[in-house]
Amino acid sequence: MSKSNSILESSIEYLKGVGPVRGELLKKELGIFTFRDLLFHFPYRYVDKTQFHRIRDINQESDTVQLRGILRRLEVQGEGRKRRLVGKLRDETGAIELVWFKGVHWLEKSLVVGQQYVAYGRVNSFRGAINIPHPEIEPLNPANTQQASTFAPVYPSTEKLNAKGLDAKGQRKAIKVLLDKLQENDLVENLPDYVLKKLNVSSRYQALQDIHFPPHQQALDAARNRLKFEELFFLQLRLLQIRRRRKDAIKGFVFPSIGEYFNTFFHQKLPFDLTGAQKRVLKEIRQDLRTGVQMNRLLQGDVGSGKTIVGLMTMLMALDNGFQACLMAPTEILAQQHYQSISNYLEDMPLQVAFLSGSVKGKKRREILEALEAGEIHILIGTHALIEDPVRFQNLGLAITDEQHRFGVAQRAKLWKKSKTLPPHILVMTATPIPRTLAMTLYGDLDVSVIDELPPGRKAIQTLHKTENHRLRVIGFMREEIAKGRQIYVVFPLIEESAKLDLKNLEDGYENLLREFPMPDYQISIVHGRMKPADKDFEMQRFVRGETQIMVATTVIEVGVNVPNASVMIIENTERFGLSQLHQLRGRVGRGAEQSYCILMSSFKLSKEARERIQTMVRTNNGFDIAEADLKLRGPGNIEGTQQSGMLNFRIADLARDGRILQTAREIAARILDHDPRLEQDIHQRLRQYMEANSKKFRVWSRIS
Ligand code: ADP
Ligand code: MG
C-alpha cells in the first residue's frame, strides 16, 4: 500500500478533534472506522445558505429558513424537563421566537441580547403559533461573506452523536478537518481521462471536496454526477466482466436439435398461437442453447404475459436432447400451480412430470428421488426442496426458476451442482416485472428477454377504487357477476406483525359474506397461510373446479394462481398492500375472455402514499409502469425481495432517479470491455487497479449467479 493510501486507512479517532470517545461513537453509530469511511459519509441533504428569509414572509408552510436579525430578548422559561431558553429575533420586517431545550445553560451564557445573529432552522407551527426550535445560531459577521454563500451539508445523525457534539455541525467540522488534510494524490483518480472528458464530470478529488462543501449548485451537481457515475459504473463493469468471462469460460450443453417432444407439442398440443413476443423470446433461448455456452437468461414479462408456456417449451428442448429439466418456484402454491398446468399441457405425451416440496414425504418422496436419479422423470417441479442434497438428477440440462426475487447465492450454487458434468442452462423468470434499473443491477450479469405483449383477446381489467360507503353496491355487483357464472376473489391483508387482528378481519369478512351469500345457493372458499396445507389445497381445488363462487383469501393466492373463470378481484384494506403486490393480485383475474374487474376497497382517509398507489393502480394495467412507480414511491431498498441484497446499498446512486446515468455507465463499461476485455491497456490501468484494490467489494457480485 502506498503512503498516500495509508492516510485514508487511518483509524478515525486519530483525526484532530475526534479522539477515542467520539471515535468509538462514530464506529458504533455510523459505521465510520477510518478516514476513508468519513470521507464517503455523504451529506443526505444541503441547506441553502445563500439566501436570507424575511421574517414577515414566514408562515406555517415554511420549511427551513435562514434569518438575519437582532436578538431582542433571551430568557429561561419553565422548570425541569420543560425548562427551555426562549429568544426573540427581529429583522426589519418582524420578529420570531427561537426555542432551545438543550444546551440551555451554555447558550444563555454565550448569546448576547442586542447583537446581530444569523439563525438557521426548521419552522415549527403549533396551534397557530410559529417558532423555530433548536436553530443553529452564530453572530453575524459582515466581513465573512462565506456565511451567506454556501450550501451547508447535513449529515445523518443520532441522539447519541448529538450529545457528544457530533450533530450535523460537528460532523461538518470533522469532515472539514479531513478534507484540509487530504491532498490531490491521496484520492487517486479511478476513471480514465477520456471518460472524464467525455462525461464532462469532476475529477475524483474535486468531486469528494465538492460533495461535502459545494461552492455553488453547479459544483454540487457535477460532484454528484461524478460520484453516482463512479458507483454505478464499477458495478456494471464488474457484472459485464462476469457475464463475458462466463461466456468465454463456462461451457454449456449443446442442444443441437428441436425434436419430437417440442414439435408434437407445438403442432398438436399448444392450445393457442404464441404471441410475437413469445416467439421472439423462444428464438433467443434457442439461440443460446445451440452455442455450447451455458445459458444464463432472465425472462421478464408482465403478469399473464405467458411466461410459463415459454418455460415449458424450453424444457421440451432440453428433453428432446436427452436431458432432464426442473422448475423451481418460491412458494408451495405456485409450484403446485405450475405442476398442474404443465401436467395438463403435456397430457397424453409420454413424459413423466413430478412434484416435489417439503410436504412430499415418506415413500412417495423416495420413489420420486429414485425415479429422478434413474432418469425416469423428465420434468421435476417444486419448491426449494429441489435443491436439497438428496435430490439427484440423472442429467439435468435446464433449470428454470420462477422468482419473486433473486434466489440467494448458496441456492444458486446448489442448483448448478445438480448437474454432474457441465452446469445446467439457467432460465430465470421473474414473477412480476421489475424496473429496468433494478434489473440491470440485480440481474446485470444475465442476458435479458422481455415479453412485452399480452396474449390477444384479453380485455383490459377495469380497476375501481371504492370506500366502505359503497359496500352495498359492491355486494350487488358481486351478485350480478356470480349470476353470470363468474367467480370472485376477496383478498385480505395478512402480515406477521398484526397477524391476530388480520385473521380476525379475514374471518369477520368471511362471516359477512356468508350472510350476504348464503348456502346452498352460494359456496364460499377460504384460504389463508395459517391453515394446514391439505385444507388449503382442498379449498383451493374447490374454487379451481368452479364449485365455489367466492374465494376469501390472504395473499397466499398472490402468485401464479390461474382460474380463468374468475372475473372479479376485490381487495380489502387496499392501503395496506404494496404496489407490486396489488398488481400481482389483480393479475389473478382477466385471464379468461370475460370483462374483468378489480375493486380496491379502502378507508376514506388515506395517506398520500397510499392514495398514490391506488391512483397508479386505477391509471394503468402495465406492470412495468407500476414497477417504476413503486420504485419511485418506495426506493430500491424496499422493493420486495431485494432487501437482503447488498447490491442495492448504494452510497449515492439512486436507482429510482439515476436511470440515465446507469444506462451511460453500462454502455461505457460494455464498450471498454469490447475493446479491452482484460483491462490490459495503459489507459485502463486505473480501472484495473481500482477493481483490484476493491476486490472484496466486487467479489460479492461475482458469486451471485
Ligand atoms: P405469467 O407470465 O403471469 O406466468 P402465464 O404463463 O400463467 O402468465 O399465462 C397466463 C395465461 O395466459 C395462461 O392461462 C396461459 O395459458 C395463457 N396464455 C399464454 N400464452 C398465450 C397465448 N399466446 N395465447 C393465449 N393465451 C395464452
Ligand atoms: Mg407465472
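This note's numbering numbers the first residue of the sequence shown as 18 and each following residue consecutively.
The beta-carbon is built from N, C-alpha and C at its ideal position, and this holds for glycine as well.
- Beta bridge pairing from DSSP links residue 637 with no other residue.
- Partner residues in the beta bridge of residue 142, as assigned by DSSP, are 147.
- For residue 156, there is no enclosing alpha helix (DSSP H); the residue is part of the beta strand (DSSP E) that begins and ends at 153–156.
- Below 8 angstroms, enough C-beta pairs join the segment 330–337 and the segment 259–279 to call them touching: three or more.
- Annotation for residue 385: the continuous alpha helix (DSSP H) segment containing it runs 379–390.
- Residue environment: residue 668 is assigned as exposed (fewer than 16 neighbouring CB atoms within 10 Å of its CB, all protein chains considered).
- Straight through space, the alpha carbons of residue 670 and residue 458 are spaced by roughly 12 angstroms.
- Taking all protein chains in view, the Cβ of residue 434 is surrounded by fewer than 16 other Cβ atoms within 10 Å, so the residue is classified as exposed.
- Exclusion of the five residues before and after residue 178 leaves 42, 46 and 184 as the residues of its chain whose Cβ lies within less than 7 angstroms of its Cβ.
- Judged by DSSP in its simplified three-state form, residue 121 adopts helix.
- Our two residues, residue 681 and residue 243, have alpha carbons roughly 12 angstroms apart in a direct line.
- Annotation: residue 696 is outside any beta strand (DSSP E) and is labelled neither H nor E by DSSP.
- Relative to ligand 2, the beta carbon of residue 448 is positioned inside 7 angstroms of a heavy atom.
- Taking 4 residues as the shortest admissible run, the segment 488–529 contains the following complete alpha helix (DSSP H) segments, listed from N- to C-terminal end: 488–500.
- A straight line joining the alpha-carbon of residue 109 with that of residue 186 spans about 28 angstroms.
- Between the alpha carbons of residue 345 and residue 570 lies a gap of roughly 24 angstroms.
- The three-state reading of DSSP puts residue 418 in strand, counting E and B together.
- Residue environment: residue 702 is assigned as exposed (fewer than 16 neighbouring CB atoms within 10 Å of its CB, all protein chains considered).
- At least one heavy atom of ligand 2 is found less than 7 angstroms from the C-beta of residue 419.
- In the structure shown, residue 470 adopts coil according to DSSP, grouped into three states.
- Shown here for residue 72: same chain residues with a beta carbon closer than 8 angstroms to its own, the five before and five after excluded, namely 84, 86, 106, 107, 108, 110, 111, 112 and 113 in chain order.
- The shortest CA-to-CA distance from residue 65 to any of 410, 448, 402 and 237 is the one to 237.
- Our two residues, residue 621 and residue 176, have alpha carbons roughly 37 angstroms apart in a direct line.
- Counting along the chain, no alpha helix (DSSP H) covers residue 462, and no H or E run does either.
- Burial check for residue 192: the Cβ neighbour count within 10 Å reaches 16 or more, so the residue is buried.
- Taking the C-beta atoms as reference points, residue 539 is found no nearer than 8 angstroms to residue 512.
- Residue 320 is not a Cβ neighbour of residue 609, given a cutoff of 8 angstroms.
- Shortest gap from the CB of residue 324 to any heavy atom of ligand 2: under 7 angstroms.
- Inter-residue distance for residue 217 and residue 235 is about 12 angstroms (C-alpha atoms, whole angstroms).
- In this model, residue 363 and residue 282 are separated by some 8 angstroms (Cα to Cα).
- With a threshold of 16 other beta carbon atoms within 10 Å, residue 518 falls short and is exposed.
- Judged by their CB atoms, residue 370 and residue 398 are nearer to each other than the 8 angstroms cut-off.
- Residue 263 has its alpha-carbon roughly 42 angstroms from the corresponding atom of residue 231.
- According to DSSP, residue pairing for residue 348 in a beta bridge does not occur.
- Between ligand 1 and residue 291, a heavy atom-to-CB distance of less than 7 angstroms is present.
- For residue 37, the enclosing alpha helix (DSSP H) starts and ends at 36–47.
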